[in-house]
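Protein chains in written order, with the UniProt record's numbering: chain A, 1 to 302; chain B, 1 to 302; chain C, 1 to 302; chain D, 1 to 302.
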């Protein structure tokens, strides 16, 4: 057996994030963007800790930059950095940016139904310090996981779904969510969100779903995968858009299966991939590593 | 998002195991073993559901066979099947066998310390029906996980370790375990078991530990792995023998890491591999898929 | 650097296959099949080296068994073994079987076009002794790879494709192939085979094609995958049926890609997966490890 | 089968690298480095195509930056860019840099012995345009691969090894290599290079060797791995230093094996991992993606 005495407490965040900020810049590529940004940061004595930059086409394509920088007394000085950045990027660049103090974690609501594998994996990882996020609440259309969620110290709200008309439930959701969360995770939430709800909510929504090679459309995908004899079972985490299951992909993975796996085995193995893929996607979103562009993502996975 | 209405409850055991038994036969290879065994099963109208056979050398090597068979009214008829098998295998074969009614799950005690990732993963998989096992108890030298374990409906016993002399703690362990469990899982249990304890206990013990390419001996392996710049982090599940960390390997896996991962990141990713590898090893042990031979294993992973 | 002096020549076949035969039995499950088969083998003093058995449903499902056995003076005695097997399996079982002397490798024709990665990988593995197969010929609609193929000591036939009417080319193919090959591998062969050709040819055909999560239909799949930002690129090897790309899957795999990969990078990485997946599928087919059933396969991958 | 008409020729380099240069900067971290570098590039109207930056400790650690930039008429203007960079980095920074015109591939000599899997994989990939490198020569202590190497249009030199005194062979190596190559790849070269040779040669040397969990020291590692029943077989590519097999790791990977694999199977599977790992390491080295620091590497794998 492994014996490690006096092992230090695991702190899995990538180092102290106090006095660190993350800046995402995204837009039309042009000569001089990196220099302009780093000049602003240099002027404020900010030390660049990590910088990832990518252009999808050096001749007039799109520009993406993620910069983590350290700055003493960040909270006091960040507004001035931001004002300078804004002024600089306004000078002839066609760029958007987001700037965030990394000591202030994003706030998330997790939506779940009966299946608990993705939900619990996120709550465990959060409790272990693996996810730099503030879990504001769990919302479920089933009451089953209430005790378990509250055991983690997280508020649980039961909002039953009542037939095809989801407007009443969605009103309840909006009352709970608006102003309280920065993004939503659908952790095997088995209800469709209306386009109107997505729009009114106005924050990013991450979903996880199973994936197969080839694809199996409709109900009972695992039974179809069994019938077709696929050798891999996968999962895809993506941002939710109005086009069902068609939003920008954040992360994907697969595992190997065989003819000896029953439909239930495929579901069990699929569940393992789902929770692994979803937790990576959530982590990367929390750390501002994912930039959406057209219908795909740039992931500075680090 | 994915919508599957009226999805059936997941039952992840490989089909109904009522009226099914698993037979492991292991020993010196000889012509006619498969025929002799299947003749006995055929005589009792047992239907062979899955049969895996392996010889490590067709010319006088070792023979391994795992057979799952279905037999109506199994409980009533198994003793007679066993008697016939015993008589048959005694006729000139040098073979050992185990025969087990699959409807009676093995009983396990899980040993843990402060780190909870492997422990919780096992408890959660058990609750989902993924592990055909009876979790008799959790024993820990720390009290931290007591509430959580009991939340799963599993007895928790706190047996503190008191300095280098472990004999008092081991006596307590033996009182709790003897007669009550069929195997032990060390789920990141950070204490060494004495050779005497292992012998008196007399049941298989499964351990999980981290693994690296190359190996890093001694304290702080993750810090050493970081310093050496390894690109993979792994874990190994094995049976415990008197030779520390040298017992027969059941399962191994790795994940990819990079220079950007901190020591804490490596520990976090290592924890993911550990729980995945341990849960597979435990599952295979529960299903009698692992046969020990010399210092290695034959795994009919299915 | 690694230094191994006097390393023995690598012989990658799974041990000496002289005097070994492989038996595949496949059909309706019934009690007593394993016993009946092993009794026949036992009667002839055949030693079972490896036996894999699988039932897709213990209650009236399909039965699959692959058995490798050793028998001195196999060539002389195999006809009598076969006669006994045939008589036994005719007694009330609804089973098909194939029985093959493993010292006589199957004969293959490889079809290729301009892309050489799959073709060369197969030829090279064959030369190393990794593929127990007799490469009878390479047929290509382009002359580009002629020298290289012949360098491997393999006959090369150039059969150009001439527009939409493939009947003349297919007649040439049939003249070259009929009686000379046991199966065909399409190693990135960029022409459609007509249903009539497949039927007249009458031997199994293995194809490799790229696979994506989600699927991208039509021309330019890699460009579409890039646009969609997929994080995995895969390949699928399958038997060819009249339904284009819809035949039973033998093997699949994927590799991870990122936003930084260009379309050309995706093609390059896809090529790596393709050759790996195809070579595994071909190897398993050569070793009679793949059983077709309905539209899927049972792979006793060993 | 897959049919793609008029598929464009694969060009796997990451886009046109004419008029592109790659700059590596490495040394003591300090505020303002990124700004200083990008200001120089901006002054010359160079457009940054890709920038990866990493600090191993924001408080006084080491700084690493890889920058790819595009500049019209690069060949004419690069000397002036370099002069400006040199002057800038001399102002109070403790940094080293390398600057390279990406249209001028590095020159490599590949060393091989009898085993051809790594050698051929590199030659194939080079011919396909996957490796931006100039293969100047192959040197082998065996003549076996001469024809095959020359078939690729690459000069082949046979330098036999004659017993324990390697000085004569090493003199021959140096005469062939000095001035002609920028790095060396040991593609399963089964001779030890002396420390004196490594020093006199003065260019990076990349080696590939097998890796196991746990490690097996000495001769016959695959036989030992089989005996120990490992479930994974791996390979490690690293830079050669005077400490045998202990140099900075560039890349590692593993594949899964089972008890059913013979020693020969393990060697075959190991060979697949070796060639995959080595080709990635060589590619990354050719693209200046690997920075050595202490005894490890920073790999901007892209």
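C-beta atoms are modelled at their ideal positions from N, C-alpha and C, and glycine is treated no differently.
To which residues does DSSP link residue i through a beta bridge?
i	result
residue 137 of chain C	C:109
residue 47 of chain B	B:70
residue 236 of chain C	C:209 and C:252
residue 65 of chain D	D:25 and D:53
residue 20 of chain B	B:70
residue 96 of chain C	C:26
residue 297 of chain B	B:292
residue 157 of chain A	A:139
residue 186 of chain C	C:111 and C:207
According to the neighbour-count rule (16 or more other Cβ atoms, all chains shown, within 10 Å of its Cβ), is residue i buried or exposed?
i	result
residue 160 of chain C	exposed
residue 305 of chain C	Given a span of 1 to 302 for chain C in the structure shown, any question on residue 305 of chain C remains unanswerable.
residue 180 of chain C	exposed
residue 174 of chain C	exposed
residue 162 of chain A	exposed
residue 12 of chain A	Its pLDDT being 37, under 50, residue 12 of chain A is placed unreliably by the model, and the measurement read from it follows with that caveat. Buried: at least 16 other Cβ atoms inside 10 Å.
residue 6 of chain D	Caution is warranted here: a pLDDT of 35 is assigned to residue 6 of chain D, below 50, making its placement in the model unreliable, and no coordinate value can be reported.
residue 9 of chain A	Residue placement at residue 9 of chain A is poorly supported in this model, since its pLDDT is 35, which falls under 50; the coordinates are not used for a value here.
residue 14 of chain A	Low confidence applies here, because residue 14 of chain A scores a pLDDT of 41, under 50, leaving its location unreliable and the question unanswered by this model.
residue 214 of chain A	buried
residue 229 of chain B	buried
residue 3 of chain A	In this prediction, residue 3 of chain A has a pLDDT of 35, which is less than 50 and means its spatial position is unreliable; nothing more can be read from the coordinates.
residue 73 of chain C	exposed
residue 39 of chain A	buried
residue 1 of chain B	Because residue 1 of chain B sits at a pLDDT of 37, beneath the cut-off of 50, its placement in the model cannot be relied upon, and the following sentence gives the value as read from the coordinates. Buried, because 16 or more other Cβ atoms sit within 10 Å of the Cβ of residue 1 of chain B.
residue 285 of chain B	buried
residue 24 of chain C	buried
residue 140 of chain C	buried
residue 57 of chain C	exposed
residue 348 of chain C	With chain C represented from 1 up to 302, any question about residue 348 of chain C goes unanswered, as that position is not in the structure.
residue 33 of chain B	buried
residue 184 of chain A	buried
residue 178 of chain C	exposed
From this set, the options, which residue's C-alpha is nearest residue i's C-alpha?
i	options	result
residue 36 of chain A	A:52, A:55, A:216 and A:86	A:86
residue 54 of chain C	B:68, B:265, B:154 and B:247	B:68
residue 44 of chain C	B:83, B:31, B:45 and B:165	B:31
residue 167 of chain B	B:157, B:131 and B:197	B:197
residue 206 of chain D	D:98, D:108 and D:165	D:108
residue 227 of chain C	A:295, A:41 and A:81	A:295
residue 125 of chain A	B:123, B:116, B:193 and B:128	B:116
residue 29 of chain C	B:186, B:221 and B:49	B:49
residue 61 of chain C	C:300, C:293 and C:301	C:293
Could you tell me how far apart the beta carbons of residue i and residue j are, in whole angstroms, since I believe they sit closer than 8 angstroms?
i	j	result
residue 133 of chain D	residue 149 of chain D	Residue 133 of chain D to residue 149 of chain D, Cβ: 15 angstroms. No contact.
residue 211 of chain B	residue 234 of chain B	4 angstroms
residue 96 of chain D	residue 268 of chain C	That belief does not hold up - the Cβ atoms of residue 96 of chain D and residue 268 of chain C are roughly 32 angstroms apart, past 8 angstroms.
residue 273 of chain C	residue 255 of chain C	5 angstroms
residue 275 of chain A	residue 121 of chain A	4 angstroms
residue 94 of chain B	residue 42 of chain B	Between residue 42 of chain B and residue 94 of chain B the Cβ distance is about 23 angstroms, and since that is not below 8 angstroms, they are no contact.
### Message
So if I threshold CB-CB distances at 7 angstroms, which residues from the region 284 to 302 of chain C count as touching chain A?
### Response
295, 296, 297, 298 and 299
### Query
What residues from the region 143 to 161 of chain C come within 7 angstroms of chain D, judged by C-beta to C-beta, listed N to C?
151
### Query
Name the residues in the region 197 to 212 of chain C whose C-beta lies less than 8 angstroms from a C-beta of chain B; which are they?
none
### Query
Going along the region 125 to 139 of chain A in order, which residues come within less than 8 angstroms of chain B, judged by CB to CB distance?
128 and 130
### Message
Please list, in chain order, the residues of the region 92 to 116 of chain A that have any C-beta partner in chain D closer than 9 angstroms.
### Response
none
### Task
May I ask you to list, following chain order, the residues of the UniProt domain "ACT" (22 to 102) of chain B that have a beta carbon less than 9 angstroms from some beta carbon of chain D?
54, 56 and 64
### Query
Looking at chain A, which residues of the region 212 to 227 of chain C have a Cβ within less than 9 angstroms of any of its Cβ atoms?
212, 213, 214, 215, 226 and 227
### Task
Residues of the region 241 to 253 of chain A with a CB closer than 9 angstroms to any CB of chain C: list them in chain order, please.
245, 246, 248, 249, 250, 251, 252 and 253
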